[in-house]
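This report refers to the structure that appears directly beneath it.
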Amino acid sequence: MPETIIEISKLSLGYNGKDIIHDVNLKIIQGDFWCLIGPNGCGKSTLLKGIIATLPPRSGAISLNEKIADRKSIGFVPQKCDINATLPTTVREFVSLGTVGLGFTAGLEEENFGWAVERVGLGAMIGKSYWDLSGGQRQRALLARTLARRPKLIILDEPTNGLDIPAEESLLQTLESLNSENGITIMVVTHNLNIAMRFGRQFALFMNGTVLSGEGRDVITQSNIHKVYGGIPAAWSIAAAGVNFSCEAGAE
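Following my numbering, the numbering of the sequence shown begins with 159 at its first residue and continues without gaps.
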């Protein structure tokens with residue numbers, strides 16, 4: 159029986175004394191593939207900050223399974239690199255940053271490094287400068303940096319932002335494989351509704367400071383989409399969610 163790895167209860171998060179999201183209830187099961195969707199500024203990244211403990215709850219609770227309670231088994235992939243662009247850095251050095259402070263033995267660190275770079279297709283590029291990589295390759299290096307810690311949960315904040323279509327597709331297929339073949343739980347923030355419907359199995363829809371969560375047929379309804387986006391985006395394919403309503407043009 160798959161275990162609950164995160165349970166969020168009556169959670170409120172915000173800044174400067176003001177809630178961005180409130181009364182959030184969410185249960186993440188090991189092996190889930192979640193997509194977090196909603197307009198800009200609605201609290202998606204705020205929730206991620208709460209889960210990775212960079213933003214304390216204003217009220218409510220985020221309870222972690224004991225297997226990930228120290229958060230060493232949680233990997234976070236930001237939108238872009240967070241190191242000094244003037245610092246000469248090879249792909250090996252960049253990916254190895256993912257295990258700093260985890261206390262791995264040298265042997266385990268090397269084993270995890272090798273698995274991570276091969277898993278994202280950068281095994282032949284470990285001696286290359288990180289700064290010479292393409293946008294898609296840099297995003298893969300960011301993913302490898304997280305994989306080097308062998309996480310049970312990976313959280314990604316708009317990982318396809320700025321990527322061309324082939325790089326986007328390749329990265330998403332890698333995430334799907336990590337989920338289906340390695341059992342890694344995935345949480346992806348995305349503005350791309352087609353991506354959400356193709357790859358997500360569970361959804362968190364952010365609207366008016368609250369979060370509606372569950373399977374596609376329960377969350378992605380015509381009423382909810384009109385409330386959040388003002389209509390159904392014209393190019394949105396919703397078949398993957400099992401939702402039976404037409405994709406008519408509407409304001410995003």
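Beta carbons are placed, not taken as given, at the ideal position from N, Cα and C, and that holds for glycine.
- Counting only runs that start and end inside the stretch 306-350, the beta strand (DSSP E) elements of at least 3 residues fall at 311-315 and 343-347.
- For residue 219, same chain residues with a beta-carbon under 6 angstroms away, outside a window of 5 residues either side, are 167 in chain order.
- Residue pairing of residue 165 in beta bridges, as defined by DSSP: 185 and 221.
- Taking each of 197, 185 and 159 in turn and checking the Cα distance to residue 351, the smallest one comes out for 197.
- Scanning its chain for C-beta atoms nearer than 8 angstroms, with the 5 sequence neighbours on each side dropped, one finds around residue 321 the residues 293, 294, 297 and 329, in chain order.
- Within the same chain, no Cβ atom closer than 6 angstroms to the Cβ of residue 264 is found once the five residues on either side in sequence are excluded.
- Per DSSP, the continuous alpha helix (DSSP H) segment holding residue 252 begins and ends at 249-254.
- Put simply, the backbone Cα of residue 319 is about 20 angstroms away from that of residue 387.
- With distances taken between CA atoms, residue 369 lies nearest to 169 out of 160, 169, 303 and 222.
- The beta carbon of residue 262 sits closer than 8 angstroms to the beta carbons of 270 from its chain, once the five residues preceding and following it are set aside; these are given in chain order.
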